[in-house]
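Working notes, structure below.
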Amino acid sequence: MIPEIGHFALIMALMLSVAQSVLPLWGAHRGDARLMATASPLAFAGLVAVGVGFGALIWSFVVNDTTVMNVVQNSHSAKPLIYKITGTWGNHEGSMVLWVLTLAICAAAVAGFGRDLPSGLKSRVLAVMGMISLGFLAFTLFTSNPFDRVWPPPPDGQGLNPLLQDIGLAIHPPLLYVGYVGYAVTFAFAVAALIEGRVDAAWGRWVRPWSLAAWAFLTMGIAIGSWWAYYELGWGGFWFWDPVENASLLPWLVGAALLHSAIVVEKREALKVWTVLLALLAFALSLLGTFLVRSGVLNSVHSFASDPARGVFILGLLAVYVAGAFALFAWRAPAMAPQGVFSPLSREGGIVLNNLLLCSIAAVVFVGTLYPLFLDLLTGQMISVGPPFYNMATAPLAFPLVVAMAMGPLMAWKRAAFWPVLQRLWWAACIALLAFILALVLGGWNALPALGFACGFWLLAGAVVDIGDRSGLGRTKLANVFNRARHLPRAAWGAAIAHAGMGVTILGISGMGLATERLIALPAGGTTQFAGYEWRLDGVRDFQGPNWTSRKASITVMRDGQVLHVMEPSRRFFPVGRMTTTEAAIRTNLARDLYAVLGEERDGPTGQREAVLRLHHKPLAPWIWIGAGIMALGAGLSLSDRRVRIAAPNRRRREAEEAARAGATA
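Everything in the sequence shown is counted per my numbering, starting at -12 for the first residue and increasing by one.
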């Protein structure tokens, strides 16, 4: 009965999305206040309907209802409760329900927090979001119904993919989806503005918080996915330039350009056409990622589905939404003349450079990801584009981007002078140069990591200079400096913290460039020297888990005869899924990671049983994810600034503008 209620709730949500797509849009076109007023109630009702459907699906997983095909294929009675719940979205069908739930939450948030939005703009935004919900609900119900029944029910399910039975993969998809769907909101604002034919500072103020929130959640989603790959897959890396990884990176890059560009629209009413284009592109790339993950065109550990019919449906959605939006853009964009004029050497110019470099990196990733697919489709020739291509192609673009990130916030709006900016950054440049020289000498004359260390310290020092300059450091008394710093807008602190977070991440990536590893086979009691530590294999034993068995090694790490760590890497076998996973053991002091992976066991030359171990020493590895957290924290701090979050015209001003516009129309 519960699955039927959930199925009916999704059908009801589909009907509500049809009404939400039509009534407010028609009301805005006709100027009918009653029809426009239906937008918010329909959005709230849609949230309730999808919430009921998602709750019914979770209930089916929790009670292990094996009459539901989705539960049979993706759950098992022996699975821990936490993974029964998170397994709800650890599959294609359930993840699509999570997608539409996130979309419904965002639509309800626009309806709830957008009380001061002009009624016409709000109606059009919610109507566009209703159209997006309509497409994905239709996709879910007609091609990916999570409540399909199976009869007679099997005694138990087939279990969740063991790789997904992990807390990292439980958190990763919801965060990623909030990021993706957040760009659906900016897309809706862009389409609504194109329909109206008007983009102004108020529009920029409404787009900015949504782009900031989407970028922050996407940052955390990507970071947690990278962290999961680091410790769960056992290969010791954090980013493989996998096509599905790239699919999440593309909207992140374009979204970073969007949130900076929206500031220019808000402050200077310039870059209007460009900002609208970025809003369309960010969501288009989010849809592209959905297509790649679910179409079956890629063979990846990240992929959810391999059904070409579903891929065709999503490709149809991509064509309708993106092609329709870009057709509207081509029609309306020429009328959106920019009002703000600025010199190339200005803060606006720095943001334009930032945008061009970010989009150039996105273009490189886009071509490297899709070119092999098109070549295979057209010629049948299979090629692989791997890390060497991406590293060499993006590094020349990333370096000037990092340089500009520290300089841009110090430039004045409209027109700036280059020399005063350099004068304020001279000690940051000295720190970066010193870091480069030290890293070059201590890192074995490895130039690329040394350049990375210079860039990381440049950004960190640049963020300090930014806050110091805003606080009057060097121009007033120290007490006044602290007082000014304390009263700086949270958005200013947030931007500096986010830039510093990028610097920390770059330092972590650079440290990983100096990582070392060793592959060795040891018997019980055997030792080896590696990275300045003595590693002793104490033994390998069996271990029983809730729905798996494992072989677990015990490794003692010593220095100068003193025990520092006991590490226990293991290999888990899941009987239900007939699959073995690798569980790396990691010990960190935040300055470095010691990383051990247990491989196969074999008979040694003397007949004694040996275990194959892969040992890694990774300097600064934790800084990669610490930096990502700092970036998200900076974005969240900016979002907490009321001037960013609710910096739209007040109700009285809004009503006056609408009355004036109505009078002009009459």
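Note that beta-carbon positions come from the ideal geometry of N, C-alpha and C, so glycine has one too.
Judging by CA-CA distance, which residue of the options is the nearest neighbour of residue i?
i           : options               : result
residue 257 : 116, 339 and 212      : 339
residue 155 : 217, 75 and 184       : 217
residue 553 : 539, 430, 626 and 473 : 539
residue 247 : 402, 158 and 391      : 391
residue 523 : 125, 509, 356 and 90  : 509
residue 378 : 299, 115, 387 and 351 : 351
residue 23  : 106, 420, 97 and 96   : 106
residue 443 : 537, 262 and 486      : 486
residue 346 : 9, 511, 384 and 448   : 384
residue 697 : 195, 441 and 413      : Since the first residue of the chain shown is -12 and the last is 653, residue 697 is not available in this structure.
residue 302 : 281, 321 and 319      : 281
Let me know if residue i comes out buried or exposed under the rule of 16 or more other beta-carbons within 10 Å of its beta-carbon.
i           : result
residue 66  : buried
residue -9  : exposed
residue 527 : buried
residue 370 : exposed
residue 474 : exposed
residue 314 : exposed
residue 7   : buried
residue 68  : exposed
residue 358 : exposed
residue 233 : buried
residue 627 : exposed
residue 580 : buried
residue 363 : exposed
residue 593 : exposed
residue 587 : exposed
residue 262 : buried
residue 102 : exposed
residue 530 : exposed
residue 330 : exposed
residue 236 : buried
residue 307 : exposed
residue 271 : buried
residue 78  : buried
residue 368 : exposed
residue 328 : exposed
Assuming residue i and residue j are in contact, meaning their beta carbons sit under 8 Å apart, how far apart are those beta carbons, in whole angstroms?
i           : j           : result
residue -4  : residue 59  : Not a contact, Cβ separation roughly 21 Å.
residue 137 : residue 83  : Contact doesn't hold; Cβ gap of about 19 Å is too wide.
residue 170 : residue 201 : 5 Å
residue 3   : residue 29  : 6 Å
residue 231 : residue 279 : 6 Å
residue 427 : residue 389 : Incorrect: roughly 18 Å between the Cβ atoms, too far for contact.
residue 124 : residue 26  : Going by Cβ atoms, the distance from residue 124 to residue 26 rounds to 17 Å, so no, they are not a contact pair.
residue 259 : residue 400 : The Cβ separation is near 16 Å, so there is no contact.
residue 119 : residue 90  : 6 Å
Among all the DSSP beta bridges, which residues are the ones paired with residue i?
i           : result
residue 583 : 572 and 602
residue 110 : DSSP, once it has assigned bridges, lists no residue as partnering residue 110.
residue 521 : 516 and 545
residue 567 : 560
residue 531 : 536
residue 460 : 463
residue 510 : 597
residue 552 : 544
residue 503 : 604
residue 477 : Its beta-bridge partners do not exist; DSSP assigns none.
Beta-carbon within less than 6 Å of residue i's beta-carbon, same chain only, minus the 5 sequence neighbours each way: which residues are those?
i           : result
residue 507 : 515 and 600
residue -6  : 134
residue 289 : Only weak support exists for where residue 289 lies, its pLDDT of 49 falling under 50; the value from the coordinates is given anyway. Excluding sequence neighbours, residue 289 sits near 231.
residue 127 : 83
residue 450 : 483, 486 and 487
residue 212 : 159
In chain order, what residues of the same chain have a beta carbon less than 8 Å from the beta carbon of residue i, not counting five sequence neighbours either side?
i           : result
residue 614 : 488, 489, 490, 491, 492, 493, 494 and 495
residue 190 : 108, 176, 180 and 252
residue 550 : 543 and 544
residue 482 : 396, 453, 621 and 625
residue 296 : 130
residue 434 : 427
residue 206 : 166, 239, 615, 618, 619 and 622
In chain order, what residues of the same chain have a beta carbon less than 7 Å from the beta carbon of residue i, not counting five sequence neighbours either side?
i           : result
residue 48  : 58, 62, 71, 72, 74 and 75
residue 267 : 174, 177, 312, 313 and 316
residue 460 : 468
residue 500 : 433, 435, 436 and 439
residue 596 : 510, 588 and 590
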